[in-house]
Amino acid sequence: MTAPPAGGTPSGPRRVLLVEDDASLIDAYRMVLEPRGLEVVGANTASEALARLEEARPKAIVADLRLPDAHGPELLLALRKAAPEIPLLVLTGREPDRARDAGDEIDVAGYMTKPVSGAELAERIEELLRSSPG
Amino acid sequence: MSPEPETGTEHTEELERKLRELRNLETAKSQFLATVSHELRTPLTAIRTYAEALGDEVLGDLNERQSDAVSSIRSATDQLLDMVEEILAYSRSGGQEVDLRPEEFEADDLVEQARATHESLFMSKDIDLRVDVADGTPTLFADRSKTAHALGNLVSNAIDFTPEGGRIDIRVGPANGGRGWARIEVEDTGRGIEDEVQSEIFREFVHADEGQERELGGTGLGLYIARRFVELHGGEIGVESTVGRGSRFHFTLPTVHNEPFRSGQAAPSDAASDGDR
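The listed protein sequences correspond, in order, to chains A and B. In this text, residue positions in the first sequence follow the numbering used here: the first is 1, and each later residue adds one. In this text, residue positions in the second sequence follow the numbering used here: the first is 1001, and each later residue adds one.
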């Protein structure tokens, strides 16, 4: 298990909003990410994600592209509009090219195609947090 | 009373209608396979991540038997995910219009990617991998992702059939001394393939033998996908094998000197007759 990075968290908890309609996947990622010092807030729908954004003020967002109430560019645009300053990582079961097509011209930090291990996801989020001014 | 005989025009129209129906069915099948495979990725990712969490001992220490069980869950899940990827590749390879994105790259890079991807399998079976990329092998001009997939499937197949402590050779060089095509070989010291099966194994859902299907599992799509991706480039794929001694799979890929392929003016079958393969 990896210890949380030293140096403390002067600007608040290292909180990540994980938007994914499969609750068990959120639960599984939480088990791997939290021991690495990343606090996970889950949302199963787009509307829940927008509400959580307000409450939790995460440092990064990880979002699937297909949710019961929104998908593709519609979802990405809603998240971008609500929190333009928070880095957004797309985690999808779709083909990388098609996922990129869906998010074409929307400012996202990157795309990852499932299956992605908890360790890989944690590493990518850490990169985002390091490069993010917040 | 017998029905009126069809005219030539009616017969042609009927054939065209049936052809359209068949094409629509093929497209529907590909879309169905792609959708199901995408939907499988998420729950399989959840299973694998739970196993990862257990393996990290975030829920408490594991004893040896528990640890072995978690390893088995991870390994079986990886196997399922590999099968999902193969089915996705199959659905991508079967459409009427397959997206080919050729680029220039060195054969060494292609071979290194295959080696790195399968490194843990080579080590776990103590397989002696030997790589020989001949001097003067021209730079390839092909869809990197699809050719990597094709070579990866041949290497994976070779590993499956090679016993512990066996040997696999990957050789690359100009095809028949020509510059328009490169030839890639994957040779193993496995059980070999019966003569009568050799012509069948590049068809979809065919296993080299029934024992393999039981013993190794798999979709029976790996060699078919390799053939499809090679043929999309106008290349050829084949195998020579001797039961009890091993198999040598080989295929050709276009190089930067293959003007018919580069210009995109030639259909694959035209490119295939470039001659200097």
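Using N, Cα and C, we set each Cβ at its ideal position, and we do this for glycine too.
Can you round the beta-carbon distance between residue i and residue j to whole angstroms, since I take them to be within the 8 Å contact cut?
i, j, result
"serine 1241(B)", "isoleucine 1193(B)", "4 Å"
"valine 40(A)", "arginine 52(A)", "11 Å between Cβ atoms; not a contact."
"arginine 1248(B)", "isoleucine 1237(B)", "The Cβ separation is near 12 Å, so there is no contact."
"arginine 1179(B)", "threonine 1255(B)", "6 Å"
"alanine 1278(B)", "alanine 28(A)", "Nothing about residue 1278(B) can be read from this structure; chain B reaches only from 1001 to 1277."
Tell whether a beta-carbon distance below 9 Å holds between residue i and residue j.
i, j, result
"arginine 124(A)", "leucine 89(A)", "yes"
"isoleucine 1225(B)", "aspartate 1188(B)", "no"
"valine 62(A)", "leucine 129(A)", "no"
"aspartate 22(A)", "alanine 1046(B)", "yes"
"arginine 36(A)", "alanine 122(A)", "yes"
"glutamate 1021(B)", "glycine 1222(B)", "no"
"isoleucine 1184(B)", "leucine 1110(B)", "yes"
"leucine 76(A)", "leucine 67(A)", "no"
"threonine 1042(B)", "glycine 93(A)", "yes"
"glycine 1173(B)", "threonine 1137(B)", "yes"
"histidine 1118(B)", "valine 1186(B)", "no"
"leucine 1232(B)", "isoleucine 1170(B)", "no"
"phenylalanine 1105(B)", "asparagine 1258(B)", "no"
"glutamate 1204(B)", "glycine 1220(B)", "yes"
Looking at the structure shown, is residue i part of a helix, part of a strand, or coil, going by DSSP?
i, result
"isoleucine 1127(B)", "coil"
"glycine 110(A)", "strand"
"threonine 1007(B)", "coil"
"glutamate 1016(B)", "helix"
"histidine 1257(B)", "coil"
"proline 1102(B)", "strand"
"serine 132(A)", "coil"
"leucine 1025(B)", "helix"
"aspartate 21(A)", "coil"
"glutamate 127(A)", "helix"
"valine 1197(B)", "helix"
"glycine 1055(B)", "helix"
"glycine 1180(B)", "coil"
"arginine 1214(B)", "Legend: pLDDT at arginine 1214(B) = 47, less than 50; position of this residue unreliable, value from coordinates given subsequently. DSSP places arginine 1214(B) in helix when its eight states are reduced to three."
"aspartate 1061(B)", "coil"
With distances taken from CA atoms, which of the options is nearest residue i?
i, options, result
"lysine 59(A)", "Ser117(A), Glu85(A), Asp27(A) and Asp69(A)", "Glu85(A)"
"alanine 212(A)", "Asp69(A), Gly118(A), Pro115(A) and Arg94(A)", "Residue 212(A) lies beyond the residue range present for chain A, which begins at 1 and ends at 134; the question has no answer from this structure."
"glutamine 1321(B)", "Asp1169(B), Ala1175(B) and Val1239(B)", "In the structure as shown, chain B starts at 1001 and stops at 1277, and residue 1321(B) therefore has no counterpart that could be examined."
"glycine 1282(B)", "Gly1008(B), Leu1253(B) and Gly1190(B)", "Because residue 1282(B) is not part of the residues shown, which for chain B are 1001 to 1277, the question remains open."
"threonine 1147(B)", "Gln1113(B), Glu1010(B), Ala1053(B) and Asp1128(B)", "Gln1113(B)"
"phenylalanine 1229(B)", "Leu1062(B), Asn1063(B) and His1149(B)", "His1149(B)"
"arginine 1048(B)", "Ala119(A), Ser132(A) and Ser131(A)", "Ala119(A)"
"valine 1084(B)", "Leu1044(B), Asp1099(B), Ile1170(B) and Arg1074(B)", "Leu1044(B)"
"serine 1091(B)", "Leu1054(B), Asp1061(B), Phe1032(B) and Ser1072(B)", "Phe1032(B)"
With respect to 8 Å, is the separation between the Cβ of residue i and the closest non-hydrogen atom of the ligand COA below this value?
i, result
"alanine 1107(B)", "Questions concerning the ligand COA fall outside what the structure shown contains, since it holds no ligand whatsoever."
So within the segment 53-104 of chain A, which uninterrupted alpha helix (DSSP H) runs reach at least 4 residues, ignoring any that extend past its ends? 72-82 and 96-102
Contained beta strand (DSSP E) runs [length at least 3] in the segment 1104-1174 of chain B, N- to C-terminal order: 1128-1133, 1140-1143 and 1167-1174
Which runs of the alpha helix (DSSP H) fall wholly inside the segment 1221-1253 of chain B and span at least 4 residues, in chain order? 1222-1232
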